[in-house]
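Take a look at the structure below.
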Amino acid sequence: MLSVDSLTELLLKSPTMLVLIFCSILVVTFALERWLYFMRTRYSANEFKATMRKHLARNQLGEFAKYCQRGSGSLGRIMGAGLDNLSAGRDQVDQLLDTEMEKEQVLMERNLIVLGTLANIAPLLGLFGTVVGIIRAFKDIAVTGSGGSSVIAMGVSEALLTTAAGIVVAVIATVFYNAFTRTIRVRNTEAEDARNMFWKYVNSRPVE
-4 MLSVDSLTEL
6 LLKSPTMLVL
16 IFCSILVVTF
26 ALERWLYFMR
36 TRYSANEFKA
46 TMRKHLARNQ
56 LGEFAKYCQR
66 GSGSLGRIMG
76 AGLDNLSAGR
86 DQVDQLLDTE
96 MEKEQVLMER
106 NLIVLGTLAN
116 IAPLLGLFGT
126 VVGIIRAFKD
136 IAVTGSGGSS
146 VIAMGVSEAL
156 LTTAAGIVVA
166 VIATVFYNAF
176 TRTIRVRNTE
186 AEDARNMFWK
196 YVNSRPVE
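Using our numbering, you'd call the opening residue of the sequence shown number -4 and step up by one each time.
Set out below in structure tokens:
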């Protein structure tokens, strides 16, 4: 079993382990940033669509516009853009809705590339550290001219720590990445549903 001193020594002489520690800090930092973003921008899609359905059925565009401006998350911003430019024509409204949905997509995906990249490269970094560690262990044995199975086993076990660390970092990054990606898919579906409701209203309303 590796002692605290052995682990400390490994960290000091293994640049790969230091890189993995830095990667773990990045994972925690960007995962927390994305979690705070989604918590800050959360909304009730059912409540929004119910309110939207009520106002559009009564032709209360002004009231619905105010509701969108009061902070209804991405749905409010998307539908608000359509309402503000409703007089421009159906094609223009459709383009504006597309543009707003793309803007929201960019905002939601911000920094996710970092988590996805770390999830992919962390195991490779760990494997690289293991290979380098094993090479160093055999080199030390060759230089000293002494050693045995126990010495080799100790060197290999220390080298494998980087692989274990890389896997841990990758698992954490993957869990957060998948969770945030699912949230984005759900919000995109909700936005598309709201858009269809809006289009149903636009198509049934004569253009002024």
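Backbone N, C-alpha and C define an ideal beta-carbon position, used for all residues, glycine too.
Keep in mind that this is a model prediction, so the values were computed, not measured.
Proximity to R190 across V127, I162, L78 and L156 peaks at L78, based on C-alpha coordinates.
The beta carbon of L21 sits closer than 8 Å to the beta carbons of V109 and L113 from its chain, once the five residues preceding and following it are set aside; these are given in chain order. In the structure shown, the three-state DSSP call for Y32 is helix. Your pair T125 and T157 checks out as a contact, with CB atoms roughly 5 Å apart and the cut at 8 Å. DSSP places N173 in the helix class (H, G or I) of the three-state scheme.
In the three-state DSSP reduction, Y38 falls in the coil class, being neither helix nor strand. Non-local beta-carbon contacts of A154 in its own chain, meaning distances under 6 Å to residues more than five positions away in sequence, involve T125, G128 and I129 in chain order. For S19, the closest alpha carbon among the candidates T184, R180, L91 and A159 is that of A159.
When secondary structure is reduced to three states using DSSP, S19 falls in the helix class.
The C-alpha of S69 is placed about 8 Å away from the C-alpha of Y38. Around the C-beta of T11, 16 or more other C-beta atoms lie within 10 Å, and the residue is accordingly described as buried.
Judged by DSSP in its simplified three-state form, G161 adopts helix.
Linking F59 to L15 through their CA atoms gives a straight-line distance of about 50 Å. In terms of Cβ geometry, L92 and A117 do not form a close pair [threshold 8 Å]. DSSP places R72 in the uninterrupted alpha helix (DSSP H) bounded by G68 to D79.
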